[in-house]
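Q:
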Amino acid sequence: GLGGGSVDGRGSVVEQLRPVNDWFGDNYDSGLILIDSSANNHVLLSDVPTSSFLHEGVYRTWDAALEDPAAYVDWIYMQRSGVLPDRVWDKLHNTEKLAEFIKVREVGGILIYVRRDHYDVWIASTNQGFETMPTLRSP
Numbered sequence: 300g301l302g303g304g305s306v307d308g309r310g311s312v313v314e315q316l317r318p319v320n321d322w323f324g325d326n327y328d329s330g331l332i333l334i335d336s337s338a339n340n341h342v343l344l345s346d347v348p349t350s351s352f353l354h355e356g357v358y359r360t361w362d363a364a365l366e367d368p369a370a371y372v373d374w375i376y377m378q379r380s381g382v383l384p385d386r387v388w389d390k391l392h393n394t395e396k397l398a399e400f401i402k403v404r405e406v407g408g409i410l411i412y413v414r415r416d417h418y419d420v421w422i423a424s425t426n427q428g429f430e431t432m433p434t435l436r437s438p
């Protein structure tokens with residue numbers, strides 16, 4: 300099960316992914332998140348409201364969002380396909396469909412993206428300005 304121990308003794312999957320979950324819970328501000336929940340159900344246990352997730356259970360919108368994510372979501376959460384295939388990764392990773400998104404986190408095969416026109420709002424709301432390049436004043 301999800302909370303069970305793992306064979307390699309590194310703790311459960313949930314424990315291994317806790318830093319990512321904690322970061323996402325602390326840094327998510329608003330907007331829909333495209334996710335394959337069957338591959339990433341640990342994220343549904345984070346502090347992010349479940350109503351914010353656009354997952355395969357909302358299949359018509361989810362299918363459309365996989366074709367044109369920028370039209371539907373502000374965030375994309377994907378994990379390199381492993382034991383469970385992540386259909387968001389399979390459909391979007393290294394494609395032009397991510398052109399409208401900025402990668403804001405990468406940990407152990409997990410990638411989190413924010414849509415470009417949501418990025419500035421997100422930076423302002425989470426006080427992450429120190430991580431961005433200083434804006435150059437025009438002369």
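Start counting at 1 in the sequence shown, then tack on 299, and there's your number in the numbering used here.
All C-beta atoms, glycine included, are put in the ideal place defined by N, C-alpha and C.
(1) In its own chain, which residues sit with a C-beta less than 7 Å from the C-beta of Leu-383, not counting the 5 before and 5 after it?
(2) Are any of the Cβ atoms in chain B nearer than 8 Å to that of Leu-343?
(3) Taking the C-alpha atoms as reference points, what is the distance between Asp-346 and Met-377?
(4) How far does the alpha helix (DSSP H) with Tyr-358 in it extend, from its first residue to its last?
(5) Between Gly-324 and the ligand MN, is the CB less than 7 Å from at least one heavy atom?
(6) When DSSP labels each residue in this structure, what does Arg-379 get in the three-state scheme?
(7) Do Val-387 and Gly-334 have their beta-carbon atoms positioned less than 8 Å apart in this structure?
A: So, to answer that:
(1) Ser-337, Ala-338
(2) Annotation note: the requested chain B is absent from the structure, which comprises a single protein chain.
(3) 17 Å
(4) 358 to 366 is the span of the alpha helix (DSSP H), which, as asked, contains Tyr-358.
(5) Looking at this structure, you won't find the ligand MN or any other ligand, since it has none at all.
(6) If DSSP states are grouped into helix, strand and coil, Arg-379 belongs with coil.
(7) According to the sequence shown, residue 334 is Ile rather than Gly. Yes, these two residues count as a Cβ contact at 8 Å.
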